[in-house]
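Numbering (my numbering), first residue to last: 2 to 132. Positions of the beta carbon are idealized from the N, C-alpha and C atoms, including for glycine. These numbers come from a predicted model, not from an experiment. Notes follow the structure.
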């Protein structure tokens, strides 16, 4: 994924956020896909700052899961397991289809469990938190 491609995609997502709540939910789904790969080169950071998007802090080489990992990427990996894609567009098409077919409750449950996991982490003074 190139830096320019990522910025173009973020710009596209910004348009979705301005449209409707349903599209905003879908946009957040797509952004989760890029969270780990967003290597914060200067024009990406400038783009995010210009549009007021916040990236949650997470140590670069932490053994813990990033906040977006624990709920989304397990099912995502299971869905994509064994698949092969000839082009980046094929992969993106498959991911969009997967995101479009997710139930809205999938993310409600994920967000609710994120809050409880963060609280557990606070209560354990930063120690590892199991599901």
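In terms of Cβ geometry, residue 99 and residue 72 do not form a close pair [threshold 8 Å]. In the three-state reduction of the DSSP assignment, residue 77 falls in the helix class. In the three-state reduction of the DSSP assignment, residue 111 falls in the helix class. Counted as a single uninterrupted DSSP element, the alpha helix (DSSP H) harbouring residue 92 occupies residues 89-101. In this model, residue 114 and residue 101 are separated by some 22 Å (Cα to Cα). In the three-state scheme derived from DSSP, where H, G and I count as helix and E and B as strand, residue 72 is classed as helix. Within the model, the alpha-carbon separation for residue 118 versus residue 55 is close to 20 Å.
With contacts defined by Cβ atoms closer than 8 Å, residue 107 and residue 95 do not form a contacting pair.
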